[in-house]
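If you read the sequence shown in the working numbering, its first letter stands for residue -10, the second for the next number, and so on.
The beta-carbon is built from N, C-alpha and C at its ideal position, and this holds for glycine as well.
This report concerns only the one structure given below.
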Amino acid sequence: MARLILVLGDQLSPSLSALNDIGPDDVIVMAEVADETSYVPHHPKKIAFVLTAMRKFADYLRGQGHRVAYTKLDDPDNAGSITGELLRRAEEHGTSTVVATEPGEWRLIAALNDLPLDVTILPDTRFIATHSEFEAWAEGRKELRMEWFYRDMRRKTGLLMDEGKPEGGKWNFDHDNRKAAPKDVTYYGPMEFSPDKDVMALVADRFGDNFGDLEPFWFATDAAQAQHHFERWLQDALPSFGDYQDAMLNENKFLYHSVIGLYINAGLLDALAVCRAVEAEYTAGRAPINAVEGFIRQIIGWREYMRGIYFLEGPDYMSRNVLGHTRDLPPFFWGAATKMNCIAKTVDQTKTDAYAHHIQRLMVTGNFALLAGIDPAHVHEWYLAVYADAYEWVEAPNVIGMSQYADGGIVGSKPYVSSGAYISRMSDYCKTCAYKVKDKTGEDACPFNLLYWDFLIRHRDRFSNNPRMGNMYRTWDRMKDDHKESVLQDAATWLARMEAGEVV
Ligand code: DLZ
Ligand code: SF4
């Protein structure tokens, strides 16, 4: 009897476990559905990327001789949800057996489990650590530090290992990866590819009002294109990637970043293969250890660790809010005017490209949201919607945990907050900003400077005993009382102006 083999929009990998022992009678089910295209107001480029890549992957599967039942978003019979489509296809093909690879979202796992069909959910073997490996690693630990987990993944994969010891004599070269922005960037950015006209028209018609520019569309949408882009980046950008990983520039959106997260997360590139290719550049003497180790850590360390946390913590993780933050996301997250150049630049880039790099996400928009006390659930939904690489399994631990400290310190041992000084050091944003990063109080003072102290004082009970934060509180305590009063008063005034809808 035929079985239905489900392939989701971020499961576009020939090695997918659900496709492993597919037989000639089996029917692969792929569906563009309203539920998935609108659980958050996704960036139009992200929707166009997923739908185009899905259509091309279906063609690839047909080319391999498989039967594919593909539903387009505007098909009249479209049931509107993944489960609805499975029910419809089950009836059509006279079967009640479904094989799926575990989705990267609790919502979809629950929906599959609730189906009145015989559903088998297989592990997603595209990841390096299994759930039980991560659980065993986490069991009994007081702190779930990524660094220790990462070392296990190095040992497991053998990446950058030299007879049981880390290559280069150290596990982590992050210290070398914090250079300020360079004057000249020699890499010209990611490769650009042509869009699919039908998908572009469909997305423009249905999602034209979502935040984000559909055009110009330039993402790779199949494995060969993604690989082509990646190989060019390996050659032209990897050697400098480490040095300038944390830098930000007004006039250069991509610096030396690989911009392959969206391709790996959708299944177009394989995480381990990408790491092996990067390691080979080091072995051949073409890329330095700090670049190569930094890159590999992001993938086998951070990415796997994020997934581990998501599945360990369970479906309620997305509603955690230990700091009790309740403010709405201000309109400038959706492109309204702001005088803060760092925010304007990061949001503008997000709007045009559905992309910003990790420091822009963590230290500009994330930092601001945390300092200003924005409801973490809103922040989570924003990141999930606006970035082309964002799926809940990876986005939520990054945002709820790492960026917003809403999980109470499971991911980060202290909140990632900084004043304007950090942004000034790592970027040229402050040079062209209406605010003055050197001003600590007053009309022109950088809002990050005001809100930084406001945040620390608001949460003094929670953080003053944190060994990594004691210095900050001691600095505050040494300030003169009238200065402290001005800082907090100016912060309150600035937040009130933001709440009142003024351009701040
Ligand atoms: C993100 C996304 C979008 C925009 N559209 C679809 C779709 O129409 N059909 C589909 O199968 N998957 C889509 N996806 C990806 C899913 O949302 C993703 O599989 C789940 O969030 C689990 O990670
Ligand atoms: Fe951002 Fe402050 Fe610098 Fe302006 S001065 S760019 S608000 S950090």
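query: Collapsed DSSP secondary structure at Ser85 in the structure displayed; result: coil
query: Spatially closest choice to Phe437 from Gly355, Trp160, His217, Lys172, by CA coordinates; result: Gly355
query: 7 Å Cβ shell around Lys429 - same chain, five flanking residues per side excluded; result: Asn438, Val476
query: Check: His31 C-beta below 7 Å from any heavy atom of the ligand DLZ; result: yes
query: Continuous beta strand (DSSP E) stretch holding Val(-4): start and end; result: Where Val(-4) is concerned, there is no enclosing beta strand (DSSP E), given that its DSSP letter is neither H nor E.
query: Proximity winner among Asn161, Gly297, Ile249, Ser27, relative to Trp126 (alpha-carbon distances); result: Gly297
query: Nearest residue (CA-CA) to Tyr294, options Arg78, Gly83, Glu124; result: Glu124
query: Contacts around Met(-10), its chain only, beta-carbon distance under 6 Å, and the 5 residues preceding and following it disregarded; result: Thr84
query: Status (buried if at least 16 other CB within 10 Å, exposed otherwise) for Ser392; result: buried
query: Candidates Arg449, Ala209, Arg457: closest to Asp466 by CA position; result: Arg449
query: Local Cβ density within 10 Å of Asn387, reported as buried at 16 or more and exposed below that; result: buried
query: The ligand SF4 heavy atom lying under 7 Å from the CB of Met329; result: yes
query: contact_flag[the segment 216 to 225, the segment 156 to 171] where n(CB pairs < 8 Å) is 3 or more; result: no
query: Exposed unless 16 or more other CB atoms sit within 10 angstroms - verdict on Ala99; result: exposed
query: Boundaries (first-last residue) of the alpha helix (DSSP H) holding Ala262; result: 260 to 272
query: Ile(-6) at chain C interface by Cβ criterion, 8 Å; result: In the structure shown, chain C cannot be found, because there is only a single protein chain.
query: The ligand DLZ heavy atom lying under 7 Å from the CB of Glu432; result: no
query: Nearest residue (CA-CA) to Trp382, options Trp222, Glu91, Gln349, Ile412; result: Glu91
query: Within 8 Å, strictly: CB atoms of Phe208 and Lys34; result: yes
query: Range of the contiguous beta strand (DSSP E) that encloses Asp107; result: 107 to 111
query: Boundaries (first-last residue) of the alpha helix (DSSP H) holding Ile17; result: No alpha helix (DSSP H) contains Ile17, which is instead part of the beta strand (DSSP E) from 16 to 20.
query: Cross-strand partners of Ile363 (DSSP beta bridge); result: Arg316
query: Span of the beta strand (DSSP E) around Arg56; result: 56 to 60
query: Straight-line gap, Val108 to Asp10 (C-alpha atoms, nearest Å); result: 16 Å
query: Ordered list of alpha helix (DSSP H) runs contained in the segment 115 to 187, each at least 4 residues; result: 120 to 127, 135 to 146
query: DSSP state of Leu301 mapped onto helix, strand, coil; result: helix
query: Heavy atom of the ligand DLZ within 7 Å of Glu381 beta-carbon; result: yes
query: Check whether Gly256 and Ser2 have beta carbons under 8 Å apart; result: yes
query: Chain-order list of residues whose beta-carbon lies under 6 Å from that of Asp55 (same chain, five-residue window excluded); result: Residue 55 is actually His in this sequence, not Asp. Once the five neighbours on either side are set aside, the close Cβ partners of His55 are Ile17.
query: Test item: CB-CB of Ala68 and Ala7 under 8 Å; result: no
query: Option nearest Arg486 by Cα separation, candidates Asp364, Gly(-2), Ile117, Pro319; result: Pro319
query: Beta-carbon proximity check, Asn166 vs Asp232, cutoff 8 Å; result: yes
query: Where Thr430 falls: helix, strand or coil (DSSP); result: coil
query: Gly409 versus Cys435: straight-line alpha-carbon distance, rounded; result: 6 Å
query: Simplified DSSP assignment, three categories, for Met307; result: helix
query: Residue closest to Gly158, alpha-carbon to alpha-carbon, out of Ala269, Glu282, Arg275, Trp323; result: Glu282
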